[in-house]
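All residue numbers for the sequence shown refer to our numbering, where the first residue is 569 and numbers rise by one.
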Amino acid sequence: MPAVDTVRRFSNRVENYVKYRPGYPTAVYDTLRQYANLTADSRIADIGSGTGILTQLLLEHGHMVVGVEPNKEMREASQQLLAGFGGFTAVNATAEATTLPDHSLDLITAGQAFHWFNHAQARLEFQRVLKPGGWVGLVWNQRRVADRPSMQAYEALMYQYSEQYEELNQANSYPEIEPFFGQPPLTFTFDNVQLFDFAGLRGRFLSSSYAPTPGHPLYEAAMADLQGVFERWGENGRFPFIYITRLFLGQFH
569 MPAVDTVRRF SNRVENYVKY RPGYPTAVYD TLRQYANLTA DSRIADIGSG
619 TGILTQLLLE HGHMVVGVEP NKEMREASQQ LLAGFGGFTA VNATAEATTL
669 PDHSLDLITA GQAFHWFNHA QARLEFQRVL KPGGWVGLVW NQRRVADRPS
719 MQAYEALMYQ YSEQYEELNQ ANSYPEIEPF FGQPPLTFTF DNVQLFDFAG
769 LRGRFLSSSY APTPGHPLYE AAMADLQGVF ERWGENGRFP FIYITRLFLG
819 QFH
């Protein structure tokens with residue numbers, strides 16, 4: 569993994585993360601439920617739960633969910649946002665040391681988080697806390713770049729202005745998923761989109777851990793170029809921010 573402080577790097581981005589990061593399609597939950605045979609009694613932990621975006625999808629379907637999140641600001645945001653769900657518990661812990669009981673979980677999820685883990689240590693910890701036959705679902709909202717010129721323009725801007733972007737690109741971890749499980753996982757893709765005015769597009773940009781923030785030498789130039797991307801590719805005052813939601817679902821072999 570990159571030699572960066574993976575716990576605190578989102579601390580100054582929580583507000584934008586809450587406002588502008590996408591949710592996950594309901595089809596993600598439907599797939600998890602089908603394969604993991606989820607019931608009202610199933611025990612789930614969302615690892616690297618952040619502000620609770622994926623956690624909320626699980627809670628909305630009546631499950632008891634433990635959100636494991638080491639970042640204080642993100643964890644506190646999840647506690648505030650999910651306070652209305654009686655089935656939610658937030659834990660200050662990591663993927664590598666969850667503090668959860670042995671063989672207590674039917675399902676582990678990780679949304680936008682697996683690429684931050686120490687995979688060897690997390691594998692051992694997940695095996696410890698999962699029940700026999702338990703499942704792991706790794707989920708990402710990945711920007712759809714290949715066939716979308718508007719997203720290609722946004723991606724080029726990220727490369728230009730975002731420090732460590734290539735190093736921290738979540739897609740870098742995809743080849744590590746099969747070794748993590750010890751066998752090929754089931755893979756699923758779903759469409760996902762957000763529509764942003766410029767303030768929203770700016771907030772989405774600033775929610776990334778590697779984007780320059782106000783006061784950074786590159787910030788003003790980045791905002792000017794982001795405005796140019798918005799004006800070139802926006803439609804009726806809205807920029808369609810297009811994703812492919814990827815779910816890797818597996819059991820340990």
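All C-beta atoms, glycine included, are put in the ideal place defined by N, C-alpha and C. Everything numeric in this text was worked out from a predicted model, so none of it was measured.
Check the C-beta distance from residue i over to residue j and give it rounded, since I have them as a contact under 8 Å.
i: ALA613; j: LEU668; result: 6 Å
i: PRO590; j: GLN710; result: PRO590 to GLN710, Cβ: 11 Å. No contact.
i: VAL704; j: THR666; result: Contact flag wrong, Cβ pair sits at about 13 Å.
i: GLY616; j: ALA661; result: No, GLY616 and ALA661 are not in contact; Cβ-Cβ is about 10 Å, not under 8 Å.
i: TYR901; j: ARG712; result: For residue 901 there is no data in the structure shown, the boundaries of the chain being 569 and 821.
i: LEU786; j: VAL707; result: In fact, because the Cβ distance is near 31 Å, the residues do not count as touching under 8 Å.
i: ALA790; j: PRO780; result: 5 Å
i: SER672; j: TRP801; result: Contact doesn't hold; Cβ gap of about 47 Å is too wide.
Which residues share a DSSP beta bridge with residue i?
i: GLU746; result: Its beta-bridge partners do not exist; DSSP assigns none.
i: MET632; result: ARG611
i: PRO717; result: Its beta-bridge partners do not exist; DSSP assigns none.
i: GLY705; result: THR677 and LEU817
i: LEU600; result: None, per the DSSP bridge assignment.
i: LEU760; result: The residue you asked about is not Leu; residue 760 is Asn in the sequence shown. Its beta-bridge partners are TYR811.
i: THR755; result: PHE816
i: LEU698; result: LEU673
Expressed to the nearest angstrom, what Euclidean distance is found between the alpha-carbon atoms of residue i and residue j?
i: ALA714; j: GLN720; result: 7 Å
i: GLU788; j: ASN686; result: 35 Å
i: TYR729; j: LEU606; result: 43 Å
i: LYS587; j: VAL634; result: 22 Å
i: ASN760; j: ARG814; result: 10 Å
i: GLY652; j: ARG643; result: 15 Å
i: SER777; j: PRO752; result: 30 Å
i: LEU625; j: LEU600; result: 11 Å
i: ARG581; j: GLN602; result: 34 Å
i: GLY818; j: HIS629; result: 21 Å
i: ASN804; j: GLY702; result: 47 Å
i: VAL636; j: LEU774; result: 24 Å
i: HIS784; j: GLN689; result: 35 Å
With a Cβ-Cβ cutoff of 7 Å, do residue i and residue j count as a contact?
i: THR757; j: PHE816; result: no
i: TYR597; j: THR619; result: no
i: SER610; j: ASP674; result: yes
i: PHE764; j: PHE807; result: yes
i: PHE749; j: PHE809; result: no
Are any of the Cβ atoms in chain D nearer than 7 Å to that of residue i?
i: VAL713; result: As a matter of chain content, chain D is missing from the structure shown, which is built from one protein chain.
Inset, instruction - Take every Cβ of the segment 640-658, pair it with every Cβ of the segment 670-680, and state whether three or more of those distances are shorter than 8 Å. - result: no
Inset, instruction - Determine, using beta-carbon pairs with one atom in the segment 795-812 and one in the segment 762-777, whether at least three such pairs fall under 8 Å. - result: yes
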